[in-house]
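With mature numbering (1 follows the signal peptide of the UniProt record, and there is no 0) applied, the sequence shown covers -20 to -1, 1 to 544.
No residue lacks a Cβ here, since even glycine has one placed at the ideal position from N, Cα and C.
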Amino acid sequence: RWGAAVRVLVLVRTWSVVAGQVRYSVPEEAKVGTVVGRLSQELGLEAGDAEARRVRVVWQGRRAGVEVSGASGALVVSSRLDREELCGKSAPCSLRLELLQERPLRVLHVELEVTDINDNAPLFPAARKNISMAELTTVPGSRFPLEGASDADIGANAQLSYTLSPSEHFTLDVKSPDENRKFLFLVLSKPLDRETVPVHRLVLTATDGGRPSLTGTMELVITVLDVNDNAPQFNQSVYKVQLPEDSLFGTLLVVLNATDSDLGPYGDVIYEIDNIAPASGSDLFSIDEESGEIRLTGALDFEAVTLYMLQIQAKDKGMPPLSSHCRVEVVVLDVNDNAPEVWVTSLSVPVSEDASVGTVVALLSVSDRDSGENGRVQCSVWPTSPFSLESRFLGSYSLVLREALDRERVSEYEVEVRAEDGGKPMLRARRSVRVPVSDVNDNAPAFSQAVYTVLARENNAAGAELARVWARDPDEAGNGRVSYSLWEGVSGASVSVGGWRPASSYVSVDAESGRVKLTKTLDYEDIRLHELHIEARDKGTPPLSGHCSVELEVLDVNDNAPEV
């Protein structure tokens, strides 16, 4: 304090001595022992007389810390003097007291003025002032009144000026209707954005006019209130996800992340699926509105749809809500879940056994709904047969004849076309093709024996069966149906006593059964040996035939008596 600088003596000035009244002045906070006034003139006291004359101070009203020094006889400061405590803002600060001398009785009226020093800094009502302003809606030029500081000093020591710490958003406006009053206003000079600066901290400084000056400060905490001025923002505009088509229900595809820099409900984000293309995928995906997790809720099929496009909306809880969008691209990956398929598109059966090599028997179509190696199909024929597969173009095959057929050896083929894809594990398909072989008349009837030897006793009655010939024709139907007859070209002859006779004169052949029967009784003495030629003819076009020989030997019986 200013008074603390006084080390030894503060000179006081006597204003006047009029009719037993004197005036003194002393600065506040003067050091204890400081001489306020010497009473040698006023009371004629010398050092050591104060106690003898019993001089004391009698106060009139407010008391101050002064007393008469018994040793020096001077009026000195005896305790702390605080002008603000004694007089407050009153000016001047004058205290009235009487110096009473009892020996001899005498009264001296004293007016003591305590002068002000700049010992009080400006003081604001509070160390901090909280102010709330809404972003965007608080327009530049808006004014907010502030309470000024107070200074317990008076005069120039209490004359205050104000400054505001630098800010691009705020300025200080001070209005002074008169020298004793100042009105402070905090003025918004630039729009506020809570998301950029949520809290502004400024310092308002009050400086008094003392020498040296003292200052006081108050912190201004301006909280920017949020309004719903920011839509949620995704951290990506496009999310790309690859998902195998055999993924299980509940599989997590992706976790979306959208942030809203607003506060409270204005910054709470809700996710929802806005649109799915194609529309068939509307039941395949779900999203958690709080976490943004997208999960699989249905079965994927690469062969049906390979790409889904999900439009996702993120919106806040403002009124009205603000929203933004992103796109999720779900690429369905193929797995080998489809076996090849084989269809017979054309079948030309039966196949004639004399068909030429290269004849097309059937047309087949092969496909696999999978893609890549999973859909690449290899075909083969099983078991080994006279048929093979030829690829006509992608996915189309011909079943062709690769070697000659023989219906009599194999009358029908069961051809299995096998298809295998290139997936891992490999999937297979089979298609059976029944190929019957149609007959042509390529086989002549063949007798079981080339020569039949028949022994017959003479005198057999007409109609007796001599033998039965049999010929086989492996062809079918009319081509294999055989009829028998005596061969007209060489029907045979017999040796008899009377000469040669035609075979048809005494034998016949049943056309259906091949039975050889007598048409008349044989006579050894007439016919002893006969050779027959029989033809077996099929009913093909043209007909084919085979031949055999029947040697008929007549055995003698004793049917003739001797003749003389």
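Within the region 399 to 460, the runs of beta strand (DSSP E) that reach at least 3 residues and sit entirely inside it are, in chain order, 408 to 418, 431 to 437, 445 to 448.
Boundaries for L166: no alpha helix (DSSP H) harbours it, while the beta strand (DSSP E) harbouring it runs 161 to 168, taken from the DSSP string. Within the same chain, Cβ atoms closer than 6 Å to the Cβ of Q358 are found at E400, the five residues on either side in sequence being excluded. Put simply, of E199, T203, D536, D158 the residue whose alpha carbon is nearest the alpha carbon of V179 is T203. With at least 16 other beta carbons inside 10 angstroms of its own, P320 counts as buried. Distance between Q216 and V249, taken at the CA atoms: about 16 Å. Within the model, the alpha-carbon separation for V537 versus S465 is close to 30 Å. K497 places its beta carbon 8 Å or farther from that of A451.
Ranked by how close their Cα comes to the Cα of P84, the residues A516, R33, D133 have R33 in first place. In chain order, T185 place their CB closer than 6 Å to the CB of T143, counting only its own chain and leaving out the 5 sequence neighbours on each side.
When DSSP states are grouped into helix, strand and coil, D263 belongs to the helix group. A contact is defined here as three or more CB-CB pairs under 8 Å, and the region 187 to 205 fails this definition with respect to the region 280 to 293. When only Cα atoms are considered, E64 and A129 end up about 16 Å apart. The alpha-carbon separation between A342 and S328 amounts to approximately 6 Å. Across the structure, C528 and E370 are spaced so that their CA atoms are roughly 48 Å apart. Only exposed fits A259, as fewer than 16 other CB atoms lie within 10 angstroms of its CB. By the C-beta density criterion, R174 is buried, having at least 16 other C-beta atoms within 10 angstroms. Setting aside the 5 residues that flank it on each side, V322 is surrounded in the same chain by L344, S345, V346, C359, V397, A399, A409, R410, R411, each with a C-beta closer than 8 Å to its C-beta; the list follows chain order. S336 carries a coil assignment under DSSP once its states are collapsed to helix, strand and coil. Ranked by Cα distance from R437, the first of A483, E392, E505, S463 is E505. Listed in chain order, the non-local C-beta contacts of E392 below 8 Å within the same chain comprise R414, V415, P416, V417, local neighbours out to five positions each way being set aside. Taking N423 as reference, the option from K404, V308, R387 with the minimal CA-CA separation is R387.
The C-beta distance from S112 to E91 rounds to 54 Å, too long to fall under 8 Å, and the pair is not in contact. Per DSSP, reduced to three states, the secondary structure at C73 is coil, with no helix or strand assignment.
For R63, the uninterrupted alpha helix (DSSP H) segment begins and ends at 63 to 67. In this structure, G190 lies away from N110, with their beta-carbon atoms at least 8 Å apart.
Under the Cβ criterion (8 Å, minimum of three pairs), the region 379 to 386 does not count as touching the region 290 to 301. For the pair S5 and V56, the Cα-to-Cα distance works out to about 11 Å. By a beta-carbon distance limit of 8 Å, S227 does not contact L264. Their separation comes to about 10 Å. For M289, the uninterrupted beta strand (DSSP E) segment begins and ends at 287 to 295. Here the alpha carbons of C306 and K170 stand approximately 34 Å from one another. Rounded to the nearest whole angstrom, the CA to CA distance from S70 to N98 is 15 Å. Distances from the CA of T118 to each of V207, N459, S525 were compared; the closest alpha carbon is that of V207. Comparing alpha carbon positions, the residue from L524, E78, P224 closest to D350 is P224. In the three-state reduction of the DSSP assignment, G278 falls in the coil class, being assigned neither a helical nor a strand state.
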